[in-house]
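In the numbering used here, the protein residues as written are -4 to 280.
The beta carbon of each residue, even a glycine, is placed where N, CA and C say it ideally should be.
Here is the structure we will look at, set down as structure tokens.
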């Protein structure tokens, strides 16, 4: 058992606050974002995935708190969009995700597996889709075997993206029954209520015991008009990480203030890079 969720002391907002202590925005960013529990993302920017994951999970374990992690390294990530990249080959990915799961071991954690990888299946050439499903199936198997106390959730997109029966079919194809379940709204803005309704519909279509978590980090004001997802203005922070809330878990999977890409109120800021302007926009709602 753990005593609450782990707040990453080396998150991008926390690092920004330390480097900009005299900035008038620093106090609000520290108290409203940096000190709140949230996920750390791992991908092709980590030089030693086993050491990096083990160190992060170990720090949370020492604090008797539950860490949240996001695995984000699937080949062809983000269909070449703002967050494009990923492992250079199928073999490299298989080794990477195996090392990721083994580095957690039997320590408790929450892991979101590959945001958008299932929902973006349609953007891939038809003959490459079975390969992606096979890689995600391998990921599920690795977490089931090597990280048995992890609440591992395969990402399932957002409330309006893929129809529940289609998403359920894809989740069955990767063996979702072997892990905790699936994740919704990662890096998006749809309300928890909308996301829970979608999750319940997927569960009905699955006809199984899969559970789901919702990323509540930036959904306080719901989605922007037209569903704009790339650093839209006027959004707000959501309910902090907690057990329940309509889903299995609410988790701040996306780090508030980390850019969605060079767009919206994050113009000039690459995806995954912290900027105080979108952070303050979320704080002020």
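Exercise. State whether the segment 103 to 116 contacts the segment 139 to 159, with contact taken as three or more CB pairs (one from each stretch) at a distance under 8 Å.
Key: yes
Self-check item: Candidates 52, 210, 203 and 171: closest to residue 187 by CA position
Solution: 210
Quiz item: Shortest alpha-carbon distance to residue 260 belongs to which of 49, 226 and 70?
Solution: 226
Exercise. Could you tell me whether the segment 222 to 241 touches the segment 254 to 268, using the rule of 3 or more Cβ pairs below 8 Å?
Key: yes
Quiz item: Using a Cβ-Cβ cut-off of 6 Å (strictly less than) and excluding sequence neighbours within five positions of residue 253, which residues of its own chain qualify?
Solution: 7, 267 and 269
Quiz item: Between the beta-carbon of residue 89 and the beta-carbon of residue 80, is there less than 8 Å?
Solution: no
Practice problem: Would you tell me roughly how many angstroms separate the C-alpha atoms of residue 28 and residue 122, rounded to the nearest one? | Solution: 42 Å
Quiz item: Do you know how far the Cα of residue 199 is from the Cα of residue 53?
Solution: 37 Å
Quiz prompt | Element boundaries [beta strand (DSSP E), containing residue 104] | solution = 104 to 108
Quiz item: How many whole angstroms separate the CB atoms of residue 194 and residue 207, which I take to be in contact at a CB cut-off of 8 Å?
Solution: 4 Å
Practice problem: Just list the alpha helix (DSSP H) runs in the segment 91 to 178, keeping only unbroken ones of 4 residues or longer that don't cross its boundaries, in chain order. | Solution: 124 to 141 and 159 to 168
Exercise. Could you pull out every residue in the same chain whose Cβ sits closer than 7 Å to the Cβ of residue 173, ignoring the five residues on either side in sequence?
Key: 135, 136 and 139
Exercise. Measuring alpha carbon to alpha carbon, tell me which of 184, 234 and 169 ends up nearest residue 201.
Key: 169
Quiz item: Counting pairs of beta carbons, one from the segment 24 to 44 and one from the segment 55 to 72, are three or more of them closer than 8 Å?
Solution: yes
Exercise. Could you tell me whether the Cβ atoms of residue 143 and residue 196 are closer together than 8 Å?
Key: no
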